Every structure is written in C-alpha cells, then in structure tokens.
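Presented below is the structure to which this report refers.
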Amino acid sequence: MNEYAIAFDVGGLFIKSAVLSSHGNVCKDTMVIYPAKAKEEKEKLLEHFVSIIQQQINKINDKWFKVFGIGFAFPGPFDYENGISYIRGIDKFEHIYGVNLREELMERLGSQPGLKKKLSPNYRIVFDNDANLFALGELLSGKAKTYAKSMCVTIGTGTGSAFIEHGLLVKERSDVPENGWIYNTPFEASIIDDYISKRGIMRLAAEQGLPSGLDVKELAELSRSGHEGAAAVFHQFGTNMGRAFLPLIDAFQPEAVIIGGQIAKSHDLFGRAFLEQLQGVTLQIEYVEQTSHSTFVGVSKLLRLAMDQDSEQSEGSERLDKLS
Numbered sequence: 364m365n366e367y368a369i370a371f372d373v374g375g376l377f378i379k380s381a382v383l384s385s386h387g388n389v390c391k392d393t394m395v396i397y398p399a400k401a402k403e404e405k406e407k408l409l410e411h412f413v414s415i416i417q418q419q420i421n422k423i424n425d426k427w428f429k430v431f432g433i434g435f436a437f438p439g440p441f442d443y444e445n446g447i448s449y450i451r452g453i454d455k456f457e458h459i460y461g462v463n464l465r466e467e468l469m470e471r472l473g474s475q476p477g478l479k480k481k482l483s484p485n486y487r488i489v490f491d492n493d494a495n496l497f498a499l500g501e502l503l504s505g506k507a508k509t510y511a512k513s514m515c516v517t518i519g520t521g522t523g524s525a526f527i528e529h530g531l532l533v534k535e536r537s538d539v540p541e542n543g544w545i546y547n548t549p550f551e552a553s554i555i556d557d558y559i560s561k562r563g564i565m566r567l568a569a570e571q572g573l574p575s576g577l578d579v580k581e582l583a584e585l586s587r588s589g590h591e592g593a594a595a596v597f598h599q600f601g602t603n604m605g606r607a608f609l610p611l612i613d614a615f616q617p618e619a620v621i622i623g624g625q626i627a628k629s630h631d632l633f634g635r636a637f638l639e640q641l642q643g644v645t646l647q648i649e650y651v652e653q654t655s656h657s658t659f660v661g662v663s664k665l666l667r668l669a670m671d672q673d674s675e676q677s678e679g680s681e682r683l684d685k686l687s
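The numbering of the sequence shown is my numbering, which starts it at 364 and goes up by one.
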C-alpha cells in the first residue's frame with residue numbers, strides 16, 4: 364500500500380497545499396492555492412483546515428493508500444513542538460491564539476469515519492517555521508545544496524529566515540540572531556520586518572504618491588512598463604534590503620544568500636540596488652521562484668524525521684519491556 368503526506372504552506376492571505384509521495388515528491392496536479400481565511404473564528408478556521416485536508420486526499424490518484432502525515436509550515440510566533448499558535452496583534456489567526464492545533468485537528472479528523480480510514484493508524488501532524496522548512500527543502504534538493512554555508516530568506520508579508528552550515532540549522536550562536544530569525548532585528552526606525560516585506564513596499568509606494576489600492580504585483584508591472592515612481596519604490600526597497608542584510612552577512616559569512624517568497628519574483632527590479640549595498644562582499648545571491656515547492660520538500664523531510672523518531676522510541680520501549 365502506498366503512503367502519502369499532505370503539506371501546508373500557511374500564509375496570511377493564502378494557504379498552499381500539495382500531496383507528497385513517500386519519497387517527498389509533489390504529486391502531479393495536487394498543488395492548490397486556498398484562501399487563508401485568517402480572520403475567521405476558531406471553529407470556522409479549523410473546519411477550513413480539515414476541508415483542505417479532505418480535498419487534498421480526494422486528489423490522490425491511487426486506489427490503495429494511506430496518509431502517513433500532515434505537515435504545516437506556519438509563521439511564528441508558534442510553539443512548533445506542541446502545535447500551538449501564539450500569533451496575535453497582526454489581524455491574522457488571532458482566534459487560534461493559544462490553541463493546540465494538533466489536538467484540535469486530530470479530534471476532528473478522527474470523528475469523520477470516511478476521512479479517518481484514509482489515515483495511517485500512527486499518522487503524525489507536525490509543524491515548523493515556514494522559513495526553516497524552505498531552507499530544509501533548499502538544502503535537500505534546491506540551491507542551498509551546493510553551499511556549505513548559506514543564509515536563506517523568504518520575503519512576503521514578513522521576513523522569514525534560516526541559517527545553514529554543513530547541513531544543519533544554526534539557531535543559537537553569536538553570529539546569528541536568536542533562533543536564526545532576522546525579522547525583529549532593529550533597522551532604521553523599527554525592525555527589518557517593517558521594511559523588508561510587503562508592507563515595506565506599500566509604505567515606499569505611498570511615499571511616492573502611488574495609489575494605495577495597488578498590490579506588489581501591480582507595482583512591479585508598473586515599474587517594468589517604465590513608471591518612474593514605481594521603479595523608485597523597488598530601487599529603494601533593494602537599497603534597504605542590502606543595508607539591512609549587510610551586518611547579518613558580515614557576522615555569519617555565508618557563501619550564498621538564497622531568497623524566496625512572493626517578493627523574490629520581483630528581483631529583476633530590486634536586485635541591482637541590493638547588490639550595490641554589498642560591494643566588496645564575496646558571496647552568491649540566488650533567487651528561488653517556487654518557494655512553496657522547496658517548503659513542501661522540507662515538510663516531507665520533517666514528517667519522515669518525526670516517524671523515524673517514533674520508530675526509535677517504540678524499539679526502545681520494546682527492549683525495555685523484554686528486560687523487565
């Protein structure tokens with residue numbers, strides 16, 4: 364019987380999901396973008412997660428199968444080990460603050476017989492930081508694979524980050540911020556997250572007198588069409604990015620900075636200004652177009668590690684039983 368996993372890449376506006384084979388490959392025609400419904404009440408949001416799981420399972424083109432795991436790439440703050448969200452103050456996912464998502468989801472999945480029979484008896488639900496999983500995916504099958512030391516960044520509604528050295532995440536060391544998270548690093552009048560993000564671009568657009576209703580994609584199209592104000596927005600964004608990242612690069616000394624997230628798709632507009640701030644620094648800049656694909660690969664690996672850990676603990680218990 365074949366085994367599959369369901370992967371979630373959770374954002375403030377959208378949830379991207381895919382079915383993964385037991386080898387970590389994204390199954391054909393299963394990558395779907397759903398609305399995040401991040402402002403919904405707890406019950407409606409949990410129902411939404413369960414509905415996505417059901418819809419994704421329905422996409423599995425296999426007669427005999429089980430789902431061995433469900434993995435979530437979730438932004439923080441979040442207790443990833445226990446599956447508890449601590450996001451608040453940003454008008455997204457407020458109603459699941461302090462909620463144990465693992466317990467709540469397992470309870471709901473177990474109460475639906477048609478869904479329950481598709482799940483392996485020992486299936487796992489796991490969570491980790493979205494930037495960590497992106498970095499893990501890049502390390503396994505992406506651009507970080509060729510470097511011994513890299514700084515991975517995702518830029519979207521906020522700034523996600525992870526630092527990799529010799530195949531391991533570096534979280535607690537003097538040359539990286541705490542947890543490897545750069546979002547709350549002081550920068551200018553606030554923190555990096557307020558500048559190197561969608562809202563950072565929106566603020567620059569407002570300063571240029573551009574209409575407030577434009578999104579980043581529309582601003583990028585304006586810039587590519589020759590609009591000077593829109594071009595100035597991305598040039599300043601790249602400058603800010605270089606100035607914000609330079610101290611972090613100087614401290615960690617990566618061989619490469621690997622950049623993903625929705626805003627990375629506009630690197631043709633801000634990349635030159637970014638590099639101008641890094642003159643004299645020897646490193647490679649790599650942009651990733653399919654961030655979620657790398658994140659899904661990371662989710663698959665996380666699930667396998669969790670399953671292996673369960674297996675080791677089970678074997679240890681059996682040995683103890685025989686000794687007693």
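For each residue, glycine too, the CB sits at the ideal point set by N, CA and C. In this text, all values refer to a predicted model and were calculated from it rather than measured experimentally.
Asked, Found
"May I ask you to report which of helix, strand or coil DSSP gives N542?", "helix"
"May I have the straight-line CA-CA distance separating S504 from G572, to the nearest angstrom?", "42 Å"
"Could you tell me if D493 is buried or exposed, where buried requires 16 or more neighbouring beta carbons within 10 angstroms of its beta carbon?", "buried"
"What is the residue span of the alpha helix (DSSP H) that A593 lies within?", "591-615"
"Identify, in the order they occur along the chain, each residue of the same chain with its Cβ nearer than 7 Å to the Cβ of G375, setting aside the five sequence neighbours on each side.", "A399, A401, K455, T520"
"Going by the CB atoms, is the gap between V533 and I564 shorter than 8 Å?", "no"
"Taking only runs of the alpha helix (DSSP H) that begin and end inside the stretch 417-500, which ones reach a length of at least 4 residues, in chain order?", "464-473, 476-479"
"Apart from the five residues on each side of it in sequence, which residues of its chain come closer than 6 Å, Cβ to Cβ, to S586?", "A593, A594, F597, L632"
"Pick helix, strand or coil for Q625, following the three-state DSSP scheme.", "helix"
"Tell me whether T517 sits in a helix, a strand or coil according to DSSP, three-state version.", "strand"
"Does the stretch 661-670 come into contact with the stretch 617-636, if we say contact requires no fewer than three beta-carbon pairs (one atom in each stretch) closer than 8 Å?", "no"
"Are the Cβ atoms of Q640 and L609 separated by less than 8 Å?", "yes"
"Please work out which residues of its chain come closer than 8 Å, Cβ to Cβ, to T602, disregarding the five sequence neighbours upstream and downstream, and give them in chain order.", "A636, F637, E639, Q640"
"Compute the Euclidean distance between the alpha carbons of L567 and Q625, then round it to the nearest angstrom.", "17 Å"
"Check whether the Cβ atoms of Y510 and E618 lie closer than 8 Å to each other.", "yes"
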